[in-house]
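Heads up: the sequence lines are chains R and E, in that order.
Take 708 as the starting number for the first sequence in this note's numbering and just add one per residue.
Take 708 as the starting number for the second sequence in this note's numbering and just add one per residue.
In this text, a Cβ means the ideal position worked out from N, Cα and C, and glycines have one as well.
Take a look at the structure set out below.
There are 2 protein chains.
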Amino acid sequence: MAKEVIEKEETPGDVLPPRNPARTGLMTASPDWSDDENGGLNPRDYVSSLARGLEVLRAFNRTRRKMTLSEVAAETGNTRAGARRILLTLVHEGYAVADGKLFDLTPQVLELGYSVLSSKGAWDIARPFIDHLSSELRESVSAAVLDRFDVVYVSGAQYHRVISVGITVGARFPAHCTATGRVLLAAQPPEMWPGMLQHIPLTRMTEHTVTDPVEFRRVLEQVRDQGWSLVDQELETGLMSIAVPLRNSAGGLVGAINVGIPTVRMGPAAAIEYVLPKLQETVRNISDSLKR
Amino acid sequence: MAKEVIEKEETPGDVLPPRNPARTGLMTASPDWSDDENGGLNPRDYVSSLARGLEVLRAFNRTRRKMTLSEVAAETGNTRAGARRILLTLVHEGYAVADGKLFDLTPQVLELGYSVLSSKGAWDIARPFIDHLSSELRESVSAAVLDRFDVVYVSGAQYHRVISVGITVGARFPAHCTATGRVLLAAQPPEMWPGMLQHIPLTRMTEHTVTDPVEFRRVLEQVRDQGWSLVDQELETGLMSIAVPLRNSAGGLVGAINVGIPTVRMGPAAAIEYVLPKLQETVRNISDSLKR
DNA sequence: GCACAAGAGTGCGTTATGTGAACAATACCG
DNA sequence: CGGTATTGTTCACATAACGCACTCTTGTGC
Chain R
708 MAKEVIEKEE TPGDVLPPRN PARTGLMTAS PDWSDDENGG LNPRDYVSSL
758 ARGLEVLRAF NRTRRKMTLS EVAAETGNTR AGARRILLTL VHEGYAVADG
808 KLFDLTPQVL ELGYSVLSSK GAWDIARPFI DHLSSELRES VSAAVLDRFD
858 VVYVSGAQYH RVISVGITVG ARFPAHCTAT GRVLLAAQPP EMWPGMLQHI
908 PLTRMTEHTV TDPVEFRRVL EQVRDQGWSL VDQELETGLM SIAVPLRNSA
958 GGLVGAINVG IPTVRMGPAA AIEYVLPKLQ ETVRNISDSL KR
Chain E
708 MAKEVIEKEE TPGDVLPPRN PARTGLMTAS PDWSDDENGG LNPRDYVSSL
758 ARGLEVLRAF NRTRRKMTLS EVAAETGNTR AGARRILLTL VHEGYAVADG
808 KLFDLTPQVL ELGYSVLSSK GAWDIARPFI DHLSSELRES VSAAVLDRFD
858 VVYVSGAQYH RVISVGITVG ARFPAHCTAT GRVLLAAQPP EMWPGMLQHI
908 PLTRMTEHTV TDPVEFRRVL EQVRDQGWSL VDQELETGLM SIAVPLRNSA
958 GGLVGAINVG IPTVRMGPAA AIEYVLPKLQ ETVRNISDSL KR
């Protein structure tokens, strides 16, 4: 792997096409966190049309509304002509509809992303357990997986109270300041730790957020050793969360399950005493149900 | 609109590129149900690279597993070279990872489809009401929208019992034999009815499924007039479902909400007497909360 | 009602992409 | 082990897609 462009010494076109017009700001970031990995991709192995099309889909996600052709063009850094071709393609394939001059996505786009939720199958199995735990504890319970430096929620049961901790499936939060995130980061193989710790941005979210790399490593080691994580208001003031890793019968990491608890309801000590055991029992039960 | 290819009388390439190698079987179907609409698209307004890339994403959804380059190529009807370029693009953009020779999607693909669930915003608002109804009735409640002739579930609260009616968000069922589907079809504007009734495939799912077009129209008229739909084992034996449309304050159709009831638990009459009023009360409450 | 502006659609030269075939590297099998 | 599939990678060429600049349409202000 990692080939060089040797043959064509004449071509001015550099390693990767310099296309990056207006899509700064929300860059997808690089695939692998172990090291820089910046270029490393042969331009002939890249289909920019596809990347642009996906960027259009994401644009709808970001702005969360119907858009005109020109808006899409501006939002994605495409020319109007280009945006038009992409939009018409999406319409033709049924992913979008044109309502007058406004384009909007159809539910068919769900077909693109759902393998992540359901293909794993694990979450279908885990679902009833999660629901049960939620109604037993009378708190919101959710399941998440790691995507780079974010946790993405893939399942969850909300416990409806005045303070509803509103987490939708597909929601994304920084891993460093969430209980699920820390559990998942801590479960990474040892050889990943250096690159991980070096690149993870410890963004401050509240006054409690751990932002010191040295302290963060220590926290992660503790989470790894004790097998669970409690995060007290580091993501959002008033919200405490406790999480444990979920593994299949073979011990492979599947994700993490957490209970979100408003701080007004109980403190860390109470959570560890009352919530943690039930949470651990739940993942044990789920694990036993997970084949392979 | 509907231009012809006049300029190039020499070109053998017909209206739409004849690309349709192996993607039969799971065709996206045509965008508009009102009439045939088959060709009708100028080839210059179509980005086949994008369509192929999306087809690759769907392939992962369909097969629900990791795949090698060759498998992807075969599954999507691409050449290996083409599949490789697409996969490498997906990896580079973070939508996929290459694990040895196996490719798999990352949770980032959720970013493509989630606008449909969350961008509407309505479902975030509806969620607590749905949860509440579910625990009050001790039955599974879900919300769905219409996509062509399918209903797609966008939210739901499962009531965990022995018989768990397992519906994941993103799940898709034929509209003609589901309560939500009938409510949504019946709510379509009158001018859509002819095309709709003409094209909808009344596939038989159980021995109870209504498959006669004339009877189906009558059923739909009744649903429209009474404002709710009860479907008894037409999708699956042993499953009854009752649904009502959800509208925002302005009366615009947002989706439908249904309660799924195993037939062993109660019959249609009981459902209409006990479940329907609570369901109607719930959508009234949600509607009042929905702006615009 | 006319001019003007902003957005939508079109033609064309240039460049990137798809195709198919050759090549390389493994896996498979007797 | 050596032959043979099978899969992954590279290449050359024909073609489809891109951006640009232009035209057409719609809607807005005066």
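Open item on the list: Which residue marks the beginning of the alpha helix (DSSP H) containing residue 821 (chain E), and which one marks its end?
Closed with: 817–821
- [ ] To the nearest angstrom, report how far apart residue 886 (chain R) and residue 802 (chain E) are at their CA atoms.
- [x] 24 Å
Open item on the list: Which residues does DSSP list as the beta-bridge partners of residue 1028 (chain R)?
Closed with: This structure cannot settle anything about residue 1028 (chain R), because the visible part of chain R is limited to 708 through 999.
- [ ] Using a Cβ cut-off of 8 Å, pull out every chain E residue sitting near residue 775 (chain R), in sequence order please.
- [x] Going along chain E, no residue has its Cβ under 8 Å from residue 775 (chain R), so there is no contact; the nearest lies around 16 Å.
- [ ] Measure the Cβ-Cβ separation of residue 863 (chain E) and residue 882 (chain E) and say whether it is below 8 Å.
- [x] no
Open item on the list: Using only CA atoms, which one of E:889, E:944, E:947 and E:894 lies nearest to residue 922 (chain E)?
Closed with: E:889
TODO: Could you tell me how far apart the beta carbons of residue 986 (chain R) and residue 964 (chain R) are, in whole angstroms, since I believe they sit closer than 8 Å?
DONE: 7 Å
- [ ] Apply the 10 Å Cβ neighbour rule to residue 807 (chain E) and answer buried if 16 or more other Cβ atoms are within range, or exposed otherwise.
- [x] exposed
TODO: Using a cut-off of 9 Å between C-beta atoms, extract the partners of residue 792 (chain E) located in chain R.
DONE: 751, 752, 753, 754 and 757
Open item on the list: Less than 8 Å between CB atoms is the rule here; does residue 819 (chain R) satisfy it with respect to chain E?
Closed with: yes
Task: Where residue 816 (chain R) meets chain E, residues with beta-carbon distance less than 7 Å - done: 819, 820 and 823
Task: Spatial distance of residue 775 (chain E) from residue 763 (chain E) (CA atoms) - done: 12 Å
Task: Given residue 961 (chain R) as reference, the closest of R:895, R:789 and R:838 once Cα atoms are compared - done: R:895
Task: Nearest residue (CA-CA) to residue 816 (chain R), options E:854, E:792, E:795 and E:832 - done: E:854
Open item on the list: Which residue wins for smallest C-alpha separation from residue 935 (chain R), given the options R:971, R:988, R:969 and R:914?
Closed with: R:988
Task: Those runs of the alpha helix (DSSP H) which lie wholly inside the segment 928–976 of chain R and span at least 4 residues - done: none
- [ ] Taking only the alpha-carbon atoms, compute the straight-line gap between residue 787 (chain E) and residue 780 (chain E) and give it to the nearest angstrom.
- [x] 5 Å
Open item on the list: I need the straight-line Cα distance from residue 777 (chain R) to residue 783 (chain R), nearest angstrom please.
Closed with: 10 Å
Task: Run of the alpha helix (DSSP H) containing residue 909 (chain E), from where it starts to where it stops - done: Residue 909 (chain E) -> no alpha helix (DSSP H), and no H or E assigned at all.
Task: Contact set between residue 990 (chain R) and chain E, taken where Cβ atoms lie within less than 7 Å - done: By Cβ distance, chain E contributes nothing, its closest Cβ being about 17 Å from residue 990 (chain R), past 7 Å.
Open item on the list: List, in chain order, every chain R residue whose beta-carbon is nearer than 9 Å to that of residue 865 (chain E).
Closed with: 834, 835, 838 and 864
TODO: Determine whether the Cβ of residue 913 (chain R) lies closer than 8 Å to any Cβ atom of chain E.
DONE: no
TODO: Can you tell me which of the three DSSP states residue 982 (chain E) falls into?
DONE: helix
Open item on the list: Within the continuous alpha helix (DSSP H) that includes residue 886 (chain E), where are the two ends?
Closed with: 886–893
- [ ] Could you name the residues of the same chain whose beta carbon sits closer than 7 Å to that of residue 1088 (chain R), not counting the 5 residues immediately before and after it, in chain order?
- [x] Here chain R covers residues 708 to 999 and nothing more, so residue 1088 (chain R) does not appear.
Open item on the list: For chain R, check one thing: does any of its Cβ atoms lie closer than 8 Å to the Cβ of residue 787 (chain E)?
Closed with: no
Open item on the list: Is it buried or exposed, residue 956 (chain E), if we count other Cβ atoms within 10 angstroms and call 16 or more buried?
Closed with: exposed
Open item on the list: Quick check on residue 958 (chain R): buried or exposed, where buried means 16 or more other Cβ atoms within 10 Å of its Cβ?
Closed with: exposed
Task: Residue span of the alpha helix (DSSP H) that contains residue 763 (chain E), given as start and end - done: 755–770
TODO: Drop a sphere of 10 angstroms on the beta-carbon of residue 877 (chain E), count the other beta-carbons inside from all chains shown, and report buried for 16 or more, exposed for fewer.
DONE: buried
Task: Beta-carbon proximity check, residue 969 (chain R) vs residue 983 (chain R), cutoff 8 Å - done: no
- [ ] Kindly list, in the order they appear in chain E, the residues whose Cβ is closer than 7 Å to that of residue 859 (chain R).
- [x] 814 and 817
Open item on the list: For a quick check, are the C-beta atoms of residue 795 (chain E) and residue 753 (chain R) less than 8 Å apart?
Closed with: yes
Open item on the list: Starting from residue 917 (chain R), trace the beta strand (DSSP E) in both directions and tell me its first and last residue.
Closed with: That residue, residue 917 (chain R), is in no beta strand (DSSP E); it is neither H nor E in DSSP.
- [ ] Give the residues from the segment 896–927 of chain E that approach chain R closer than 9 Å (Cβ to any Cβ), ordered along the chain.
- [x] none
- [ ] Give the straight-line distance between the Cα atoms of residue 768 (chain R) and residue 976 (chain E), rounded to the nearest whole angstrom.
- [x] 43 Å
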